[in-house]
Structures are given as C-alpha cells and as structure tokens.
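Visitor: One structure coming up, written as structure tokens, with questions to follow.
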Amino acid sequence: MYPGIGKPAQARYANGCLAYAALTIEPELTPGLLDRVRPPAAPETLPNLGWLTQIELRGRHVE
Numbered sequence: 002m003y004p005g006i007g008k009p010a011q012a013r014y015a016n017g018c019l020a021y022a023a024l025t026i027e028p029e030l031t032p033g034l035l036d037r038v039r040p041p042a043a044p045e046t047l048p049n050l051g052w053l054t055q056i057e058l059r060g061r062h063v064e
C-alpha cells in the first residue's frame with residue numbers, strides 16, 4: 002500500500018537535535034484508505050499512550 006508522499010510542514014530543533022516534526026501526506030488520505038489500515042480491534046482494547054513513559058531521552062523520561 003502506498004499512502005502518498007510525506008512533506009515536511011513544521012520542525013523544531015533543540016540543542017542541535019530534531020525535537021518535533023510535522024509532515025503532510027499528499028494526496029490527502031481518504032477515509033477508505035484509513036479504514037484499510039485501521040486496527041480491527043475495538044478502541045477500548047487498543048493500547049493507550051502510557052507506554053511513552055517508558056522511553057528515555059538522554060537520561061530523561063518523556064512526559
């Protein structure tokens with residue numbers, strides 16, 4: 002499956018490292034394409050973002 006071309010929209014650097022990046026995908030993703038890649042599980046059974054607290058960046062936890 003080919004979703005399209007990702008183009009940089011915004012970026013932020015901190016201490017010489019990429020800290021944030023936003024991409025736009027062209028052409029825009031259609032609802033039909035999103036339905037093809039959406040997980041088949043019910044929303045309440047999908048993982049939440051709690052796993053991000055386990056990631057460390059240069060000795061600091063992600064908040």
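Start counting at 1 in the sequence shown, then tack on 1, and there's your number in this note's numbering. Glycine included, each C-beta is placed from N, C-alpha and C at the ideal position.
Where Leu-35 and Ala-15 are concerned, what is the direct C-alpha to C-alpha distance, given to the nearest angstrom?
Guide: Spanning the two alpha carbons is a distance of roughly 33 angstroms.
Visitor: May I have the straight-line CA-CA distance separating Gly-7 from Thr-25, to the nearest angstrom?
Guide: Approximately 5 angstroms, taken between the alpha carbons.
Visitor: Restricting to Cα atoms, I'd like to know which of Val-38, Thr-31, Glu-29 and Ala-22 is closest to Gln-11.
Guide: If we check each option's Cα against that of Gln-11, Ala-22 comes out closest.
Visitor: Can you name the residues that DSSP bridges to Arg-13?
Guide: Beta-bridge pairing links Arg-13 to Tyr-21.
Visitor: Kindly indicate which residue of Glu-27, Tyr-3, Gly-17 and Cys-18 has the alpha-carbon position closest to the one of Pro-9.
Guide: The shortest Cα separation from Pro-9 among Glu-27, Tyr-3, Gly-17 and Cys-18 belongs to Glu-27.
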